[in-house]
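Reviewing the structure listed below.
Chains as they are written, first to last, in our numbering: chain S, 8 to 392; chain D, 8 to 392.
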């Protein structure tokens, strides 16, 4: 297998893009990436997207977007793994290049959610859960995460206020990210008073609905320096799965797919958690960030919120998290999120993260989650520029 | 890159499976394949599906189905390329094995359409077309194909009755396939009198809506004989794309993506059309079969229907087509169809096609189409058992 690197990145601001169609958003991100580095030939396009069929009136995004960005003819498909779709597209792009089927691949993620009304979006997002055993019982996707959070608080004696640090940190970092949807500070006091969504999850535990697209260009590392002075190497790419339905998991308090996925990734990269300089978590809800830090070896079981309380997840902390705002502050256009995480890691590893720059970072990790932990995609990237 | 073979196949009957959920259908096909040959380890599952989110209330099929068939933990994603989703999943499975990322992969396709009403299914299928420029103008997916067929008849002086041979042949072959949805004969007289759907496409030009699932197990050819006496080798796997919207194609009468895809496949397999012993076309509508035969080099431009009229597409003909009933007779559960085609090719190449057996066949081709030709996936398989 060949060593693979990212030679270019592109992204749109996450926002309510009412003036742009889904294909325009995707094109903005892809053409921005190609403007950074264009190898002159693209062999394949993998598009991460979850709910364009349900809320944007369009499936078949592979061919549609390939054509719109001037790549008519190229191999192109859509990849779906609920909110893990974006990183799954990066994973398939990585596989095509690593395996030698393609030299130059674009992995993109796109989602346009805000043209639909809240009910439509809520119903579409619930398709990530188990239709026969969860949503048919009236559970929404937020309420599934609320069950997880409630159980976590009960099991480990954690208070709701203990989660505040995740939201405060994410929004603080979003201020420095021009592509963030909500670049505004949030205080622990505001967090405590935010209106309830699905008890105990309140508004500031939750990532927002938004429109956006992000893209990366991948190629063999040995060719990368022809196109960029700052290639970022993919040390590891791994997907693992778990039961979609919460009730069927062996231990709902342990994100088993996050554990399996990250263990594969550590093994592939030949590193340990101590080698990670920053970690883009899938903080769709604060409970997810806590569970991920535990599954990935940064905190003991039931102790994830302590990192946030102790300030260890800040830009200058032991393990910086959500360094460009995370899902909470940058926004969460679901099928695009996993690609945003990779784009932001590349910004950090290139030293292009501006006021949010993590000092001397060399190795970063991103974890993108589908459902409440049923699909988990982990990437570990390394600066080699 | 490694040579890849198919070591096992599984399928359900295409039918109105009102008593089975989507995950049960998928499991029936996958477990049937694993009962044929089980390598004892599966590294990844790729699921082809188009509209489960819209008509079956479920996205996130990768993790859901992996778990349900006993593969919890494994890499799993859904792949979507409209009606070309099934073969796209096979393509990704092929890529993972060929590239060395995985040794044992299941590629499956599943679609459950008949629980929804006709209007819901028609709206969902139209998501394969261009939402901004076609469906927003009132075009359904059938009517887009009707535009193609009408133009073809005008341009080449072809009569509607000239297409009858495709439907007659498909239904004749369906009779010998226990998994076919409509194993009943159709006559040219019945074809001429069938009720109109979208002029000039009538009921017997059109493939039916159905539920079904199919699966294959792929592994490196060098390991294949440990698990089966009849491995079938993947000589070529190729995807190409075109404009989704018909009006934007350079020449709507030439399926450019079918041409590009099959040329790549011929080149990879180092063969010419004359080497193909049977061809599973994507006969969702009779016009598609005619256009494909032309794009793939079996007929001159505008002459595709002559093969059907001359009896050349029959089991004993020059180029047998739809040998197990095709989309028309076996049925067309959209996201599963591409995998059914591969399964049927394997049946033929193993010599297990019963009364439908193509004599002395060694090389077979399957072409799966998304939209009205915007995504085309071509596979060429070879008997090596």
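We put the CB at the ideal spot given by N, CA and C, even for glycine.
Nothing here was measured: the structure is a model prediction, and the numbers come from that model.
- Between residue 171/D and residue 199/D, the gap from beta carbon to beta carbon is short of 9 Å.
- For residue 274/S, the enclosing alpha helix (DSSP H) covers residues 263-276.
- Residues of chain S whose Cβ lies closer than 7 Å to the Cβ of residue 65/D are, in chain order, 134, 138.
- Judged by their CB atoms, residue 188/S and residue 336/S are nearer to each other than the 9 Å cut-off.
- Only residues of its own chain outside the window of five on either side were considered, and among them 95, 377, 382 have a CB closer than 6 Å to the CB of residue 88/S, listed in chain order.
- Not a single C-beta of chain S is nearer than 9 Å to the C-beta of residue 348/D.
- Take residue 84/D, set aside five residues on each side of it, and the residues of its chain with a beta-carbon closer than 6 Å to its own are 69, in chain order.
- One Cα belongs to residue 25/S, the other to residue 305/D, and the distance between them is close to 47 Å.
- With distances taken between CA atoms, residue 298/D lies nearest to 379/D out of 211/D, 379/D, 164/D, 75/D.
- In this structure residue 241/D is not in contact with residue 357/D, their Cβ atoms being roughly 14 Å apart against a cut-off of 8 Å.
- The alpha-carbon separation between residue 104/S and residue 36/S amounts to approximately 21 Å.
- Runs of the alpha helix (DSSP H) lying entirely within the segment 138-224 of chain D, each at least 4 residues long, are 148-163, 171-181, 195-200 in chain order.
- With contacts defined as CB atoms closer than 9 Å, residue 385/S and residue 246/S qualify as a contacting pair.
- Counting only the Cα atoms, residue 90/S lies some 25 Å from residue 321/S.
- Among the bridge pairs identified by DSSP, residue 227/D is matched with 11/D.
- According to DSSP, residue pairing for residue 372/S in a beta bridge involves 286/S, 387/S.
- Rounded to whole angstroms, the gap between the alpha carbons of residue 285/S and residue 359/D is 56 Å.
- In the three-state reduction of the DSSP assignment, residue 291/S falls in the coil class.
- Residue range 333-336 is occupied by the alpha helix (DSSP H) that includes residue 335/S, with no beta strand (DSSP E) assigned at that position.
- For the C-beta of residue 28/D, the chain S residues within less than 7 Å are, from N- to C-terminus, 139.
- The beta-carbon of residue 71/S is placed less than 9 Å from the nearest beta-carbon of chain D.
- Counting along the chain, residue 52/D sits inside the beta strand (DSSP E) bounded by residues 51-55.
- Non-local beta-carbon contacts of residue 38/S in its own chain, meaning distances under 8 Å to residues more than five positions away in sequence, involve 17, 76 in chain order.
- Judged by DSSP secondary structure, residue 135/S falls outside any beta strand (DSSP E); it is assigned neither H nor E.
- Listed along chain D, no residue sits closer than 8 Å to residue 174/S by beta-carbon distance, the nearest being about 26 Å off.
- In the three-state scheme derived from DSSP, where H, G and I count as helix and E and B as strand, residue 86/S is classed as strand.
- Using beta-carbon distances, residue 374/D does not count as an interface residue toward chain S, since no partner is under 9 Å.
- For residue 277/S, no chain D residue has a Cβ inside 9 Å of its Cβ, as the nearest lies near 17 Å away.
- Residues of chain D with a Cβ closer than 7 Å to the Cβ of residue 81/S are, in chain order, 248.
- If the five residues before and after residue 146/S are omitted, its C-beta is found closer than 7 Å to the C-beta atoms of 136, all from its own chain and listed in chain order.
- In chain order, 263 place their CB closer than 8 Å to the CB of residue 257/D, counting only its own chain and leaving out the 5 sequence neighbours on each side.
- Annotation for residue 192/S: 178, 179, 182 place their beta carbon closer than 7 Å to its own, counting only its chain and skipping 5 residues before and after.
- Contacts with chain S at 9 Å (Cβ-Cβ) include residue 263/D.
- Nearest neighbour of residue 133/D by Cα position, chosen from 67/S, 260/S, 127/S, turns out to be 67/S.
- Sorting 361/S, 375/S, 352/S by C-alpha distance to the C-alpha of residue 369/S places 352/S at the top.
- Distance from the CA atom of residue 117/D to the CA atom of residue 51/D, rounded to whole angstroms, is 16 Å.
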